[in-house]
Amino acid sequence: MRSHCPFCSMQCSLDLHFTPGSTPGYEVKPSPDFPVATGRLCQKGFHAFDHTVHPERVMQPLRRRAQPKRGKAAAVSSASEGTSSTWSPAAWPETLDDIASRIQYLQEQYGPDSVAVFGGGSLSNEVCYLLGKFARVALRSRYVDYNGRYCMSSAAAAQQLAFGIDRGLPFPLEDIPKTDYLILAGTNIAECQPTLMPYLLAAKKQGAVIVTIDPRRTLTSKIANHHLPIEPGQDSLLIGGLLHVILSEQLYDAQFVAAHTEGIEAVREAVRDDSPERVAGLTGIPEETIRQVARGFAGAKRGIILTARGLEQQVNGVEHTLQYINLCLLCGHIGKPGSGYGSVTGQANGQGGREHGLKADQLPGYRSIEDPDARAHVAGVWGLDPRELPGKGVSAYELFEKVLDGDIKAMIVLGSNPVVSSPNNARVAEALAKLDLLVVVDLFETETAAYADWLLPGTSFLEVEGTMTNLEGRVFYRPRVFEPAGASMPDAWLLCALAERLGRGRYFSYSSMSEVFDELCRASAGGKADYSGFSYSRLQEAQGLFWPCPGPGQAHPGTPRLFAGGVFPRAGGRARLHAITPQPPAEVADTDYPYLLTTGRLGGHYLSGAQTRRTDALAKKAPEPVAELHPALAEQLRLREGDRVRLTTRRGSLDFAAKMTADIHPRTIFVPFHWGGDLAVNRLTNDALHPVSRMPEFKVCAVRAERARTEEASPALVHTAKADALSD
Ligand SMILES: Nc1nc2c(c(=O)[nH]1)N[C@H]1C(S)=C(S)[C@@H](COP(=O)(O)OP(=O)(O)OC[C@H]3O[C@@H](n4cnc5c(=O)[nH]c(N)nc54)[C@H](O)[C@@H]3O)O[C@H]1N2
Ligand SMILES: Nc1nc2c(c(=O)[nH]1)N[C@H]1C(S)=C(S)[C@@H](COP(=O)(O)OP(=O)(O)OC[C@H]3O[C@@H](n4cnc5c(=O)[nH]c(N)nc54)[C@H](O)[C@@H]3O)O[C@H]1N2
Ligand code: SF4
Ligand SMILES: [Mo]
Numbered sequence: 001m002r003s004h005c006p007f008c009s010m011q012c013s014l015d016l017h018f019t020p021g022s023t024p025g026y027e028v029k030p031s032p033d034f035p036v037a038t039g040r041l042c043q044k045g046f047h048a049f050d051h052t053v054h055p056e057r058v059m060q061p062l063r064r065r066a067q068p069k070r071g072k073a074a075a076v077s078s079a080s081e082g083t084s085s086t087w088s089p090a091a092w093p094e095t096l097d098d099i100a101s102r103i104q105y106l107q108e109q110y111g112p113d114s115v116a117v118f119g120g121g122s123l124s125n126e127v128c129y130l131l132g133k134f135a136r137v138a139l140r141s142r143y144v145d146y147n148g149r150y151c152m153s154s155a156a157a158a159q160q161l162a163f164g165i166d167r168g169l170p171f172p173l174e175d176i177p178k179t180d181y182l183i184l185a186g187t188n189i190a191e192c193q194p195t196l197m198p199y200l201l202a203a204k205k206q207g208a209v210i211v212t213i214d215p216r217r218t219l220t221s222k223i224a225n226h227h228l229p230i231e232p233g234q235d236s237l238l239i240g241g242l243l244h245v246i247l248s249e250q251l252y253d254a255q256f257v258a259a260h261t262e263g264i265e266a267v268r269e270a271v272r273d274d275s276p277e278r279v280a281g282l283t284g285i286p287e288e289t290i291r292q293v294a295r296g297f298a299g300a301k302r303g304i305i306l307t308a309r310g311l312e313q314q315v316n317g318v319e320h321t322l323q324y325i326n327l328c329l330l331c332g333h334i335g336k337p338g339s340g341y342g343s344v345t346g347q348a349n350g351q352g353g354r355e356h357g358l359k360a361d362q363l364p365g366y367r368s369i370e371d372p373d374a375r376a377h378v379a380g381v382w383g384l385d386p387r388e389l390p391g392k393g394v395s396a397y398e399l400f401e402k403v404l405d406g407d408i409k410a411m412i413v414l415g416s417n418p419v420v421s422s423p424n425n426a427r428v429a430e431a432l433a434k435l436d437l438l439v440v441v442d443l444f445e446t447e448t449a450a451y452a453d454w455l456l457p458g459t460s461f462l463e464v465e466g467t468m469t470n471l472e473g474r475v476f477y478r479p480r481v482f483e484p485a486g487a488s489m490p491d492a493w494l495l496c497a498l499a500e501r502l503g504r505g506r507y508f509s510y511s512s513m514s515e516v517f518d519e520l521c522r523a524s525a526g527g528k529a530d531y532s533g534f535s536y537s538r539l540q541e542a543q544g545l546f547w548p549c550p551g552p553g554q555a556h557p558g559t560p561r562l563f564a565g566g567v568f569p570r571a572g573g574r575a576r577l578h579a580i581t582p583q584p585p586a587e588v589a590d591t592d593y594p595y596l597l598t599t600g601r602l603g604g605h606y607l608s609g610a611q612t613r614r615t616d617a618l619a620k621k622a623p624e625p626v627a628e629l630h631p632a633l634a635e636q637l638r639l640r641e642g643d644r645v646r647l648t649t650r651r652g653s654l655d656f657a658a659k660m661t662a663d664i665h666p667r668t669i670f671v672p673f674h675w676g677g678d679l680a681v682n683r684l685t686n687d688a689l690h691p692v693s694r695m696p697e698f699k700v701c702a703v704r705a706e707r708a709r710t711e712e713a714s715p716a717l718v719h720t721a722k723a724d725a726l727s728d
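Dropping the structure here:
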């Protein structure tokens, strides 16, 4: 049986082979004949089946017996997961009746905006579309956003500003081996999109130079010709140095810049003082390396830059991204095979999720909810008066602030575990504990479900059909291979059933998932992410097609490569260069907090770990988070191998096992974020947001480090024992 891995944005195709008598009963193998992953899977893909049959799967609607824990003290203490005595099982009709009547009661008291929706980028296009529609049409609430805000929002904003459109990669993966020079900044592809590595290696084999920019020498950096180990937060400054060289030595593509861009003079002015000498002094990257990479990239026939969360998840994330786009545009490396700028999308459907209205300011087809024409078009498809559509809401993290302010009283969380994945997560827990009604729809009783009044069983990726959009903008069909487990129901069914009980059923009456998709396609027609030429049958036949694909009919072949001939979808057709003046992160190192903490991923775990911590083979390899720090720093702290390190930021203190590695910048400490409770590094991270994209600063905050006192029972050790028990 054919499906697609539920985890990262590569969306590798996998085949399930029935193996009677074995555990877990099916063997996962890579599909040999689907494009993208070239017949490979990573460790997460090979184990993707395991969590779907885990004994802890939620199998029926569960209602909390007692009230959820209330108040700050409870929220800040370990967000331990509940037990079965916490919940009483319920049938679907009474569940939906109760939730609907509580929503109606709250909306009568406090208005439609008192109920919010928090979605996720693992969901299919159909569910993302329905969630956005559900918020606006069934709840009539402006408050909807999703975890993609924590993920792609800075790159999305930057691409919109520079190019007028945001598609993670504006070119297909098959273009990568054609390049001569590849810059990988803040992207750890070897662990985060492992099946993309063969494309990078193919480029290298054909002679491409590879440069990595990261505070850590990651597995990805091992294939690089040059590794530039900056401190977190310095990308704009470093790239400013490269731009200075390229402009002062006249290495840029003057013809391309004159014909296809605007704004070069302002960039020239902005980097006037960023000489390699000065930038080397500030970043520690040798002057000669700055010159060499600038000359190499500008002189290459074809060049590609890929960025990811390393530089995007910052209060300056949009500016860092724009600076890399400046580099690409000035060198004319765009709009032709083997050249371009791309941001490596993260979640399974991180791309589609941000196209069809799950974002606070957005309507399907990547339309703005503030554009009167867009409102009229979408309202027309939905059969509403445009005046009935609410306006724009607030970003993911700000939804929790609205709860604390008392504006939001109820929330539906579907496809996310924000207690683990939000910055400064004690505040998020505090907000959830304050809600009058929290409904969580998930496969598992997550750390977020610990605050829920209702926990509803979601279906796994194998139990529901739908379409997904991968990092290249390739839209493909994922079939259903099993019946929903237990009493779980597809998310789409749940939303439609709830809409009906809220008296809005006439807007949510579909007889099949393909009907939802057809409506999505109509709603997207004429928008930037135009899907109107797609249908289930067409996508199945073609093994995926690239958007935009304007309809009607089957004539348009889809668009694997954007910006052909250097034409950009902005007024005048030109791309925009941006003058960037590098700014420091929201927190810099000082005497109280002398180092920088950065966070990220491990190859064997996925996001909040809800799925991969329940996958024995993966949990065994990485049972708890380990803080990576440089041996020189360890010596300064008198830390020995095997010691635990106490990390303290302005938000709190946590203890972690420590690993010494010369592969990290000497003043930077890295901790992965895949764990909850007292192992959740998001207890420490900064909730400062980018002024426009509202992206939190996951990648930099000031931290103090010391040897943890061993006589104190370390909370982490308790959890290690729990993780071991889980994997037995
Ligand atoms: N195994 C695994 N794969 C995943 C995921 C997962 O959880 N696990 N998640 C998926 C998702 S949703 C996403 S968004 C992607 C994320 O994919 P990536 O963005 O590649 O992953 P991260 O580990 O968050 O960050 C990448 C690198 O940024 C570096 N970094 C930190 N600060 C800076 C900085 O200031 N500048 C630069 N240049 N680099 C910096 C870190 O050291 C890290 O190596 O991965 C996807 N794939
Ligand atoms: N410190 C730090 N924090 C970060 C980041 C970082 O780099 N550093 N990265 C951020 C990024 S890029 C991201 S994308 C976020 C992601 O953070 P989360 O949104 O918390 O990610 P997941 O763990 O994927 O949560 C998805 C949840 O939905 C459930 N689920 C999966 N599929 C389905 C489905 O089809 N239906 C339903 N109903 N439920 C489903 C899963 O069991 C899981 O509990 O984390 C962010 N947080
Ligand atoms: S590379 Fe991504 S999509 Fe492919 S198997 Fe691994 S996690 Fe799944
Ligand atoms: Mo992400």
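Residue 279 in UniProt numbering sits at position 279 of the sequence shown, and the numbers go up by one each step.
The beta-carbon is built from N, C-alpha and C at its ideal position, and this holds for glycine as well.
| query | Near ligand 3, which residues have their beta-carbon less than 6 angstroms from any of its heavy atoms, given in chain order? | reply | Cys-5, Phe-7, Cys-8, Met-10, Gln-11, Cys-12, Ala-37, Leu-41, Cys-42, Lys-44, Gly-45, Gln-193, Pro-194, Thr-195
For the beta strand (DSSP E) that Ile-408 lies in, which residues bound it at each end? Run containing Ile-408: none; DSSP gives neither H nor E here.
Could you work out which residue in Cys-549, Arg-538, Ser-512 is closest to Lys-528 when comparing CA atoms only? Cys-549
Which residues in the same chain have their Cβ closer than 6 angstroms to the Cβ of Thr-612, if we skip the five residues on either side of it in sequence? His-605, Tyr-606, Leu-618
Original post:
Under 7 angstroms between the Cβ atoms of His-244 and Thr-615?
Top reply: no
For Gln-543, does the three-state DSSP call read helix, strand or coil? coil
Since Gly-566 contacts His-260 with CB under 8 angstroms, what's their CB separation in whole angstroms? 4 angstroms
Note to self: I'd like to know if the region 139–146 and the region 110–125 are in contact, where contact means that at least 3 CB-CB pairs between them fall below 8 angstroms.
What the structure shows: yes
Just verifying my parser: in three-state terms, what is the DSSP assignment at Ala-90? coil
Q.
So, with DSSP's three-state summary, where would you put Asn-225?
A. coil
**OP:** Take Arg-570 and list the residues in its own chain whose beta-carbon comes closer than 6 angstroms to its own, dropping the five residues that flank it on each side.
**Re:** Gly-164
*asked:* For a test of your reading of the model: does the CB of Ala-609 fall under 6 angstroms from any non-hydrogen atom of ligand 4? Yes or no.
replied: A quick correction: the sequence has Gly, not Ala, at residue 609. Not so, every heavy atom of ligand 4 lies at least 6 angstroms from the Cβ.
Report the residue ranges of all beta strand (DSSP E) runs contained in full by the region 376–462; include only those spanning at least 3 residues, in chain order.
410–414, 437–442, 454–457
Please give me, in chain order, every unbroken run of the beta strand (DSSP E) with length at least 3 that falls completely inside the region 123–164.
144–146
Those runs of the beta strand (DSSP E) which lie wholly inside the region 537–606 and span at least 3 residues
595–600
Problem set entry | Same chain only: Cβ atoms within 6 angstroms of Phe-508, ignoring 5 sequence neighbours per side | Cys-496, Ala-499
Only counting the same chain, and skipping five residues up and downstream in sequence, which positions put a Cβ closer than 6 angstroms to that of Val-440? Val-413, Thr-448, Ala-449, Ala-452, Leu-455
For the region 30–42 against the region 188–199, are there 3 or more C-beta pairs whose distance is under 8 angstroms? yes
Hey, Leu-502 and Gln-60 are a contact pair by Cβ (cut 8 angstroms); roughly how many whole angstroms apart?
So it is not a contact: roughly 22 angstroms between Cβ atoms.
Taking the beta strand (DSSP E) that Tyr-510 belongs to, which residues open and close that run?
From DSSP, Tyr-510 is part of no beta strand (DSSP E); its letter is neither H nor E.
query: To which residues does DSSP link Asp-15 through a beta bridge?
result: Arg-2, Lys-29
Determine the DSSP secondary structure at Gly-296, reduced to helix, strand or coil.
helix
key: Cα-Cα separation between Ala-73 and Ser-85, rounded to whole angstroms   = At Ala-73, the pLDDT of 36 sits below 50, so the modelled position is not reliable; the number obtained from the coordinates is stated separately. Computed Cα separation, rounded: 22 angstroms.
Quick check on Asn-686: does DSSP put it in helix, strand or coil? strand
Worksheet item: Comparing alpha-carbon positions, which option in Arg-375, Glu-398, Leu-96 lies nearest Pro-390?
Response: Arg-375
message = Going by DSSP in three states, Ile-103 sits in which element: helix, strand or coil?
response = helix
| task | Measure the CB-CB distance between Lys-392 and Ile-369 and report whether it falls below 7 angstroms. | result | yes
### Task
Give me whichever residues DSSP pairs with Gln-206 in a beta bridge.
Paired residues: none, contrary to the question.
Reducing DSSP to helix, strand and coil, say where Glu-56 ends up.
-> coil
query: Nearest to Gln-540 by CA position, among Val-475, Met-489, Gly-572, is which residue?
result: Val-475
- If you measure from the CB of Arg-694, is any heavy atom of ligand 2 nearer than 6 angstroms? no
Using three-state DSSP, classify Arg-651 as helix, strand or coil. coil
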